[in-house]
Amino acid sequence: MELGGYANRVARIDLSSGAVSYEEINEEDARLYIGARGLGVKYLFDNGPTVEPDSPDNMLAFMNGPLTGSQATMSGRLAVVTKSPLTQTVTDSHMGGWSAARLRWAGFDALLFVGKSDKPVYAYVEDGTVELRPADDLWGQGVHSTVEKLQDRYGTPLSVMTIGQAGENGVRFASILNEDDRAAGRGGTGAVAGSKNLKAVVIKADEAMPRPQDREKWRSAHQRALKTILDSEVLAPRTGGLSVYGTNVLMNPVNALGGVGTRNSQETQYDAAEKISGETVRETLLSSDPTCHACPVACKIEVEIKDGPYAGLKMESLEYEPAWALGANCDNDDPRVIAKLIDQCNDYGMDAIELGNVISMYMEATQREYVTGAGLSWGDTEGMVETADQIALRSGIGDHLAEGTARGAEKFGHPEIAMAVKGQAVPAYDPRALKGEAIGYATSNRGACHLRGYTPASEVLGIPVKTDPLAWEGKGELLKIFQDLHAFSDSLDLCKFSAFSEGAEEYAAQYEAIVGAPITADEVMTVGERVYNLERHYNNLCGFDGSDDSLPERYLTENGSGPASESVVELDEMKAEYYAARGWEDGVVPDSKLRELEIIS
Amino acid sequence: MVEVKFYATLRELIDGNKSLSVDGVATVSELLENIVQKYPDLQEGIFDEDRNIRSFVAVMVNGRDVRHLNGIQTVLDPNDTLDIFPPVAGGSYTESEVTVSSVSIRGLPEWLIREYFFELGGATCENTHSLNHIVGDCWLATWSQQKVKIEGSSGMGLTQFDIVIEGAAETVQQVMELFMKKAQRGGG
Numbered sequence: 001m002e003l004g005g006y007a008n009r010v011a012r013i014d015l016s017s018g019a020v021s022y023e024e025i026n027e028e029d030a031r032l033y034i035g036a037r038g039l040g041v042k043y044l045f046d047n048g049p050t051v052e053p054d055s056p057d058n059m060l061a062f063m064n065g066p067l068t069g070s071q072a073t074m075s076g077r078l079a080v081v082t083k084s085p086l087t088q089t090v091t092d093s094h095m096g097g098w099s100a101a102r103l104r105w106a107g108f109d110a111l112l113f114v115g116k117s118d119k120p121v122y123a124y125v126e127d128g129t130v131e132l133r134p135a136d137d138l139w140g141q142g143v144h145s146t147v148e149k150l151q152d153r154y155g156t157p158l159s160v161m162t163i164g165q166a167g168e169n170g171v172r173f174a175s176i177l178n179e180d181d182r183a184a185g186r187g188g189t190g191a192v193a194g195s196k197n198l199k200a201v202v203i204k205a206d207e208a209m210p211r212p213q214d215r216e217k218w219r220s221a222h223q224r225a226l227k228t229i230l231d232s233e234v235l236a237p238r239t240g241g242l243s244v245y246g247t248n249v250l251m252n253p254v255n256a257l258g259g260v261g262t263r264n265s266q267e268t269q270y271d272a273a274e275k276i277s278g279e280t281v282r283e284t285l286l287s288s289d290p291t292c293h294a295c296p297v298a299c300k301i302e303v304e305i306k307d308g309p310y311a312g313l314k315m316e317s318l319e320y321e322p323a324w325a326l327g328a329n330c331d332n333d334d335p336r337v338i339a340k341l342i343d344q345c346n347d348y349g350m351d352a353i354e355l356g357n358v359i360s361m362y363m364e365a366t367q368r369e370y371v372t373g374a375g376l377s378w379g380d381t382e383g384m385v386e387t388a389d390q391i392a393l394r395s396g397i398g399d400h401l402a403e404g405t406a407r408g409a410e411k412f413g414h415p416e417i418a419m420a421v422k423g424q425a426v427p428a429y430d431p432r433a434l435k436g437e438a439i440g441y442a443t444s445n446r447g448a449c450h451l452r453g454y455t456p457a458s459e460v461l462g463i464p465v466k467t468d469p470l471a472w473e474g475k476g477e478l479l480k481i482f483q484d485l486h487a488f489s490d491s492l493d494l495c496k497f498s499a500f501s502e503g504a505e506e507y508a509a510q511y512e513a514i515v516g517a518p519i520t521a522d523e524v525m526t527v528g529e530r531v532y533n534l535e536r537h538y539n540n541l542c543g544f545d546g547s548d549d550s551l552p553e554r555y556l557t558e559n560g561s562g563p564a565s566e567s568v569v570e571l572d573e574m575k576a577e578y579y580a581a582r583g584w585e586d587g588v589v590p591d592s593k594l595r596e597l598e599i600i601s
Numbered sequence: 602m603v604e605v606k607f608y609a610t611l612r613e614l615i616d617g618n619k620s621l622s623v624d625g626v627a628t629v630s631e632l633l634e635n636i637v638q639k640y641p642d643l644q645e646g647i648f649d650e651d652r653n654i655r656s657f658v659a660v661m662v663n664g665r666d667v668r669h670l671n672g673i674q675t676v677l678d679p680n681d682t683l684d685i686f687p688p689v690a691g692g693s694y695t696e697s698e699v700t701v702s703s704v705s706i707r708g709l710p711e712w713l714i715r716e717y718f719f720e721l722g723g724a725t726c727e728n729t730h731s732l733n734h735i736v737g738d739c740w741l742a743t744w745s746q747q748k749v750k751i752e753g754s755s756g757m758g759l760t761q762f763d764i765v766i767e768g769a770a771e772t773v774q775q776v777m778e779l780f781m782k783k784a785q786r787g788g789g
């Protein structure tokens, strides 16, 4: 294989037979789809789009990109790619920290799991080999205890990507976490692992950063990218907003814009937003701010609770999304409780965004008397903590709620109280106040998601320019640009926060230097477009079309609050603009577009 | 009494307070002058050397960025609430190798092309009031648009803008570089 950066080694593990085989990267696929997200979706596509997510036929892929574990700034990420049991679409969920780098240093670009083991196992990875080992003594344990046991057994440094009880119990939004509490959070990847009796992936490797193909090009590309980060007012270590406060620096500005969904999005401003904001957390709870491989920004927020019922708890990381989902969304204004709930998610292995929405849906169902039994009241923090336990263990009401926000609401007979798209719950930007996310949530290939096309960069932060968050015109075209650019960086795999200061040229320069193949900024966008269209094509083959690019009724018919108090979402107009920009026919990729992008021949 | 709330790193510049109440100011501009007099450290936090609001500072009146209202001339009601956010976001630009003076672009809406040229210091021409005619210091950008069909896709098309920048050679090169940077970045 001509391309640099890659380990050029992929392991295929058949959990049914226990067989492990090794192969090289297909160079043509690597040129077209790069790695991580893009290449992972290609493997999933070749595996067959119409498999059932919880069947042995589903593939669970742990995917590095050609830049993972290198000197490239913010390159410590991998993508877990699979067919989601929550949305029934293809999904990719990315994880930070150090496991991705360690997987690369152990000699791998990817681990592809199919089949189902008849007994719980974990995969042990070292020096270019993968071995399946019994996990009987780990099954039933939470993430923290599993990591501890394995680190005792094999010594540190050791990377462990593991499920907790939630994945084992098939909670549809179960996640996979690593040794630093970094999560592949969304889409239920943990449930897929659990359905295969795969408890964990363990990686032992010393630092061995791959050398760039072209050292001169690398030096200038790296300096350029790093300079943008150090100069950035968001990212600059120790002074930029993101570095100092973490992502929860967004709570106050998004609330001012009228974008903080409150009480299951019945309103869109929270009067206690300040209490759960990044500023307050920094003042009252912050204990340290760790980082990931090769990242100077160090945006993580580690906290220690000093008083109240959870005194003594230390956890990482108190971010904006869970602060919203488990805070304003549920009318909970106590950041210590938010910290406790995130920690439960980190240990049980569950998506904090989905958990928050399941709980807020349950609270609204209680408010409207759709539930038999006690239900859960707004702001009942003890009840929230108990409900999270029940969900992870599928006990009591937990069994119903473990199905996720959308199925959970249907089971109460009221699907309209689920704030979800394609079955995945909405993130922390109310679409009535931020129109970019309206079309963003509706058209995301993995269900409601803010990361597919992060338009708040423009509407809240002013990158590349400040657009009017209440205006819908132009947002469809803007979204396509963000979606394509992020699809490329997700395939390298670089942290998305790099997009606050880097752009297509910086990504192109780093790719060229590490991989040793020329690529222009234009081609970067084409690759991103190709990845996005392959995902859409996968979903089309599963029966998804424009009718699934929808939003909850609430966003279309009920006004928001504050500056959004006269705002609903003009979804049909936005979809028309977006599909025109994409060249799709009512949400379906036509064959001509597939050929143009070399997805089919 | 207009209430002004401050966030993140701006709070240290007003002695750790979270908000101030201000009387007797009719516009955003007057209000900013007022608070900068009381707290001179705010000057650097909010304004650039030309006394314009720094590009990544957000000044909001009742949740609306003044950029989308009447700028700093926005008139204030006594019960209005202002929120001022420091640059929690920002980008920096690096030099690129592009030297062409005309380019065709797809996938960008016209308002965004215009915004980019405004960001580069351009303004619409007073005489023509033409929206596809932006004038800067020693440069002029104009464009026309055409619908471009995608082969075999039964009529689906994209809007293509054919942009021409003309003016002093060095400036044109610089403006085109910066414009292309913005247009390619798309996301940051």
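Quick note, the sequences are listed as chains C and W, same order.
Heads up, the first sequence is in our numbering, so the first residue is 1 and it goes up one at a time.
Heads up, the second sequence is in our numbering, so the first residue is 602 and it goes up one at a time.
Think of the CB as a built atom: it goes at the ideal place given N, C-alpha and C, for glycine as much as any other residue.
By the beta-carbon neighbour count (other beta carbons within 10 angstroms, threshold 16), G625 (chain W) is exposed. Cα atoms of I163 (chain C) and M350 (chain C): separation of roughly 9 Å, rounded to the nearest angstrom.
When DSSP reads this structure, R665 (chain W) sits in a beta bridge with W:V662. Interface with chain C (7 Å Cβ-Cβ cutoff): F648 (chain W) is excluded.
Residues I600 of the same chain have their beta carbon placed closer than 8 Å to that of D591 (chain C), with the five preceding and five following residues left out of the count.
For L257 (chain C), at least one C-beta of chain W is nearer than 7 Å to its own C-beta.
Chain W places a beta carbon closer than 7 Å to that of K466 (chain C), counting this residue as a contact.
G758 (chain W) carries a strand assignment under DSSP once its states are collapsed to helix, strand and coil.
Chain C has a Cβ within less than 7 Å of the Cβ of A609 (chain W). Taking a cut-off of 8 Å on C-beta distances, the stretch 411–423 of chain C does not touch the stretch 52–63 of chain C, as fewer than three cross pairs fall below it. Contact note: F718 (chain W) does not reach chain C at a C-beta cutoff of 9 Å; the least C-beta distance is about 11 Å.
At a cut-off of 7 Å between C-beta atoms, R665 (chain W) counts as an interface residue with respect to chain C.
C-alpha of I714 (chain W) to C-alpha of M777 (chain W): approximately 12 Å in a straight line.
Chain W has no Cβ within less than 7 Å of the Cβ of G327 (chain C). Within chain C, the residues E477 have their CB atoms less than 7 Å from the CB of L709 (chain W), given in chain order. Within the stretch 151–210 of chain C, the beta strand (DSSP E) runs of at least 3 residues that lie entirely inside it are, in chain order, 159–162 and 198–204. In this structure, the CA atom of N540 (chain C) is about 20 Å from the CA atom of L32 (chain C). With the rule of 3 Cβ pairs closer than 8 Å, the stretch 421–436 of chain C counts as touching the stretch 255–262 of chain C. For A339 (chain C), the enclosing alpha helix (DSSP H) covers residues P335 to Y348. Comparing C-alpha distances from G170 (chain C) to each of C:E473, C:I391 and C:E502 shows the shortest one belongs to C:I391. The beta-bridge partner set that DSSP reports for I706 (chain W) consists of W:F762. By the beta-carbon neighbour count (other beta carbons within 10 angstroms, threshold 16), K619 (chain W) is exposed.
Closer than 8 Å at the C-beta level to chain W, one finds these residues of the stretch 242–254 of chain C: L242, V244, Y245, V249, L250, N252 and P253.
Taking the beta carbon of A659 (chain W) as reference, the chain C residues within 9 Å of it are P253, A256, V460, L461, G462 and K466, listed in sequence order. Check the Cα spacing between V202 (chain C) and each of C:Y154, C:T189 and C:A183: the tightest is with C:Y154. G69 (chain C) is positioned such that its CB atom lies closer than 7 Å to that of R104 (chain C). When DSSP states are grouped into helix, strand and coil, V147 (chain C) belongs to the helix group. Burial is judged here by how many other beta carbons sit within 10 angstroms of a residue's own beta carbon; V192 (chain C) has at least 16 and is buried. Taking a contact as a CB-CB distance under 8 Å, the pair I276 (chain C) and A328 (chain C) counts as one, their CB atoms being some 7 Å apart.
With respect to the 7 Å criterion, V515 (chain C) and G187 (chain C) are not classified as neighbours on the basis of their beta carbons. P469 (chain C) and E477 (chain C) do not touch by the CB rule: their CB atoms are close to 16 Å apart, not below 8 Å. Annotation: Cβ neighbours of K783 (chain W) in chain C (cutoff 7 Å, chain order): P464. G737 (chain W) carries a strand assignment under DSSP once its states are collapsed to helix, strand and coil.
In this structure, C:S175 is the residue among C:A208, C:A19, C:S175 and C:A576 with its C-alpha nearest to the C-alpha of A200 (chain C).
Secondary structure note for Y124 (chain C): it is in no alpha helix (DSSP H), and the uninterrupted beta strand (DSSP E) holding it is V121 to E126. Under the DSSP assignment, L285 (chain C) falls outside any beta strand (DSSP E); it carries neither an H nor an E label.
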